[in-house]
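The numbering of the sequence shown is our numbering, which starts it at 430 and goes up by one.
Backbone N, C-alpha and C fix where the C-beta goes; we use that ideal spot for every residue, glycine too.
All remarks here apply to the structure that follows.
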Amino acid sequence: MGLNVTQKIIKNHLVEGDWTKPGSPIAIRIDQTLTQDATGTMAYLHFEAMRIPKVQTELSVSYVDHNTLQAGGPENANDHLFLQTVAAKYGIYFSKAGSGICHQLHLERFGIPGKTLLGSDSHTPTAGGLGMLAIGAGGMDVALAMAGEPFYLKMPKVVGVKLVGKLRPFVSAKDVILELLRRLSVKGGLGKVFEYFGPGVKTLTVPERATICNMGAELGATTSIFPSDEQTYAFLKAQGREREWRRLEADPDATYDEIIEIDLSEIEPLIACPHSPDNVVPVREIEGLEVDQVAIGSCTNSSYRDLKMVAQMFKQMEEKYGPKAALVARNISAAISPGSKNVLHHLVAEGDYAVLLRAGFRFLECACGPCIGMGFAPPSKGKSVRTFNRNFEGRSGTKDAEVYLCSPETAAATAMKGVITDPRNLGLDEIKITMPEKFIVDESLIYAPAANPDEVEVIKKPTIRYFEPRPPMPDVLEGEVLIKVGDNITTDHIIPGGAKILPLRSNIPAISQYTFSIFEDEKGNFAKKAQEKGGGFIVGGENYGQGSSREHAAICPMYLGVKAVLAKSFARIHRANLINFGIVPFIFKNKEDYDKIDEGDTLVIDVKDLTPGGITKCTVKKPSGEEFIIELTNDLSQREVDILKAGGILNYVGEKVRKRLGIQE
Ligand code: MIC
Ligand code: SF4
430 MGLNVTQKII KNHLVEGDWT KPGSPIAIRI DQTLTQDATG TMAYLHFEAM
480 RIPKVQTELS VSYVDHNTLQ AGGPENANDH LFLQTVAAKY GIYFSKAGSG
530 ICHQLHLERF GIPGKTLLGS DSHTPTAGGL GMLAIGAGGM DVALAMAGEP
580 FYLKMPKVVG VKLVGKLRPF VSAKDVILEL LRRLSVKGGL GKVFEYFGPG
630 VKTLTVPERA TICNMGAELG ATTSIFPSDE QTYAFLKAQG REREWRRLEA
680 DPDATYDEII EIDLSEIEPL IACPHSPDNV VPVREIEGLE VDQVAIGSCT
730 NSSYRDLKMV AQMFKQMEEK YGPKAALVAR NISAAISPGS KNVLHHLVAE
780 GDYAVLLRAG FRFLECACGP CIGMGFAPPS KGKSVRTFNR NFEGRSGTKD
830 AEVYLCSPET AAATAMKGVI TDPRNLGLDE IKITMPEKFI VDESLIYAPA
880 ANPDEVEVIK KPTIRYFEPR PPMPDVLEGE VLIKVGDNIT TDHIIPGGAK
930 ILPLRSNIPA ISQYTFSIFE DEKGNFAKKA QEKGGGFIVG GENYGQGSSR
980 EHAAICPMYL GVKAVLAKSF ARIHRANLIN FGIVPFIFKN KEDYDKIDEG
1030 DTLVIDVKDL TPGGITKCTV KKPSGEEFII ELTNDLSQRE VDILKAGGIL
1080 NYVGEKVRKR LGIQE
């Protein structure tokens, strides 16, 4: 039987398990890892705690792109110093702040078709645009991959997305993934890989494919992937990396667990309305809505193709309708954050930078920036139109702001008109972006690991504070329900981003004080309550922990004494992070039991006989004295049960890894 691309890569990298059965546990070898600074500090502290002299991967890269802005205080600079020295010492490439966004840079400079990539960022699947099997994970799983351990996951279902036809003018890759989000929702990809095939594939360049794979993360998918073909060759050749190319396509008789068909020629400009990436409508339906901001960039839409398109739209506007028509509207504040220094070089060299400056754009750093609330927060109750991938409440840095997600074309049209605008209505002729034959490559801020690692001292300033792993799990978990939340709770709700909290990522005692702080007005101070009560439980609804890979959403609750989360279902990365830090992800056997539990109830859970898929009894004691029992279940593998019993993965695996590498205790 023929294989699809996903199956080929998994089969090639299989270490354990049966890849032919979707849903069954497998382990795969990881060729490359990437980290970014906001998750990287923890990942390297975990790696150091394993006491391994050098990374065991083919390639590991540490990028600095998130924490590039700080209002006073040395935290970010301290983190960057730690990251730079730790990389030099342990055999890791280091990309300094200013170089660009990890996913854009990895695509440009390091990704290789057919390889596996594990990254401590949920948008790692961006590299699927190059035909890599690229998966997002918590920092601990990435640290383990750097130590040469395989990555454990459930064999995903492979959804074949058949692309036919060709995108029409002013409709682009972002609209394709918004269309999938409209059809499938933020839960639609759980346990699945989205593999693109069909005649429409060859009409999309690598950066366009990367945009689609990037935002597959918002479907909750394990990853997304395109084949490696002539387009991939052309991209790698233009990067001077054609030697890394290999063809990788599904066999002609390959099958998929499910097939979705998209006719590219039928897609129109789409936009995700507040506050979820799947709240998608055609742009024309909300055309004319007045907005305050336009932000162009992020790992979804900051490539050469995207920024050039924006510039060319302004340029044609100027040529056709005069300079006044090619200005950012008076009511709009507009900003661009290029994906990499290389992209910025092109804008400068080809005159596009000047066009955009003339138009009135602010140029921000080549970094995540506003996407994670690092500057450019909207005004109170402001409306912001962004080419990003997430529009969760509060993520922009302004709690009551409303964020819309769209393509660079729609963002450019909106910036010109000051109201949400369908780019097809500007009266412009079709713009075709031709990819350069040779990209400008500037690696002045990318450093190879040290040749003499023994001489490198890892610099750890006092703002960097690790945590004590949890002791082995007791037989009974007892405590209060500290918080009860609804469906689709994101990790941004659990540990918010933004310029105030992000700099604390390497300091667990400090950052844990912000756990669930977004709910503080309604529910009080979670951290204080948890510490006063000696820990307890979290109750959640469906898809608990969706969104980012930040393991702080598990480490901080662990630090505050949370013993288990009881939810209707969990998002993949967060579920894995909870297990890694010794917090049991229980699932309600009967979903209606969710309604029977309230904040302030006491739970007693006997976990002595915790088994994969078994039933665990939970006694619920109401403050009124009423008492009853509900049943909990789990979808844990035996390995995950053992990790939980050990009190977390550091206890479970540290010794095993050291033994394998022959390191003395
Ligand atoms: C995000 O987009 O939410 C982030 C910030 O990149 C996160 C990682 C983090 O929280 O550090 C992600 O997507 O995993
Ligand atoms: Fe950075 Fe935003 Fe991409 Fe996360 S989603 S990696 S914050 S640009």
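Secondary structure of residue i, DSSP reduced to three states
i: residue 1075; result: helix
i: residue 999; result: strand
i: residue 558; result: helix
i: residue 1006; result: helix
i: residue 628; result: helix
i: residue 454; result: strand
i: residue 786; result: helix
i: residue 664; result: helix
i: residue 905; result: strand
i: residue 827; result: coil
i: residue 482; result: coil
i: residue 937; result: helix
i: residue 858; result: coil
i: residue 838; result: helix
i: residue 946; result: helix
i: residue 961; result: helix
i: residue 733; result: helix
i: residue 1023; result: helix
Closer than 8 Å: residue i CB and nearest ligand 2 heavy atom
i: residue 658; result: no
i: residue 570; result: no
i: residue 403; result: The structure shown does not extend to residue 403, since the chain spans only 430 to 1094, so no value can be given for it.
i: residue 531; result: yes
i: residue 728; result: yes
i: residue 494; result: yes
Selected residue, minimal CA-CA separation from residue i, among the options
i: residue 738; options: 751, 718, 765 and 971; result: 765
i: residue 468; options: 493, 733, 447 and 477; result: 493
i: residue 786; options: 757, 807, 816 and 607; result: 757
i: residue 621; options: 605, 590 and 962; result: 590
i: residue 1079; options: 1002, 513 and 1008; result: 1008
i: residue 1034; options: 1016, 792 and 812; result: 1016
i: residue 456; options: 531, 433, 574 and 528; result: 574
i: residue 1004; options: 569, 523 and 562; result: 569
i: residue 658; options: 648, 635, 645 and 647; result: 635
i: residue 541; options: 728, 656 and 476; result: 656
i: residue 683; options: 588, 744 and 965; result: 588
i: residue 919; options: 979, 713 and 652; result: 979
i: residue 523; options: 1029, 874, 582 and 771; result: 874
i: residue 404; options: 836, 835 and 821; result: Since the displayed the chain opens at 430 and closes at 1094, residue 404 lies outside it and no answer follows.
Range covered by the alpha helix (DSSP H) that runs through residue i
i: residue 550; result: Here residue 550 belongs to no alpha helix (DSSP H), and DSSP marks it neither H nor E.
i: residue 568; result: 568-575
i: residue 533; result: 531-534
i: residue 473; result: 466-478
i: residue 642; result: 635-643
Near ligand 1: residue i beta-carbon under 8 Å from a heavy atom
i: residue 1004; result: no
i: residue 926; result: yes
i: residue 465; result: yes
i: residue 920; result: yes
i: residue 893; result: no
i: residue 978; result: yes
i: residue 990; result: no
i: residue 801; result: yes
i: residue 550; result: yes
i: residue 818; result: yes
i: residue 468; result: yes
i: residue 565; result: yes
i: residue 797; result: yes
i: residue 509; result: no
i: residue 981; result: yes
Start and end residues, beta strand (DSSP E) containing residue i
i: residue 590; result: 586-593
i: residue 690; result: 687-692
i: residue 1031; result: 1031-1035
i: residue 436; result: Segment 434-442 is the alpha helix (DSSP H) holding residue 436; no beta strand (DSSP E) there.
i: residue 1060; result: 1056-1062
beta-carbon residue i near ligand 4 non-hydrogen atom, thresh 8 Å
i: residue 646; result: No copy of ligand 4 occurs in the structure displayed; its ligands are ligand 1 and ligand 2 alone.
TODO: Evaluate the contact criterion for the stretch 1039-1046 versus the stretch 1055-1070: three or more CB pairs, one atom per stretch, below 8 Å.
DONE: yes
Open item on the list: With three or more C-beta pairs closer than 8 Å as the rule, is the stretch 883-894 touching the stretch 934-952?
Closed with: yes
Task: At least 3 beta-carbon pairs within less than 8 Å: the stretch 870-886 vs the stretch 523-534 - done: yes
Open item on the list: Below 8 Å, how does it come out for the stretch 920-934 and the stretch 961-976: are there three or more Cβ pairs, yes or no?
Closed with: yes
- [ ] Spell out a yes or no on whether the stretch 688-697 and the stretch 589-608 are touching, meaning 3 or more CB-CB pairs, one atom from each, closer than 8 Å.
- [x] yes
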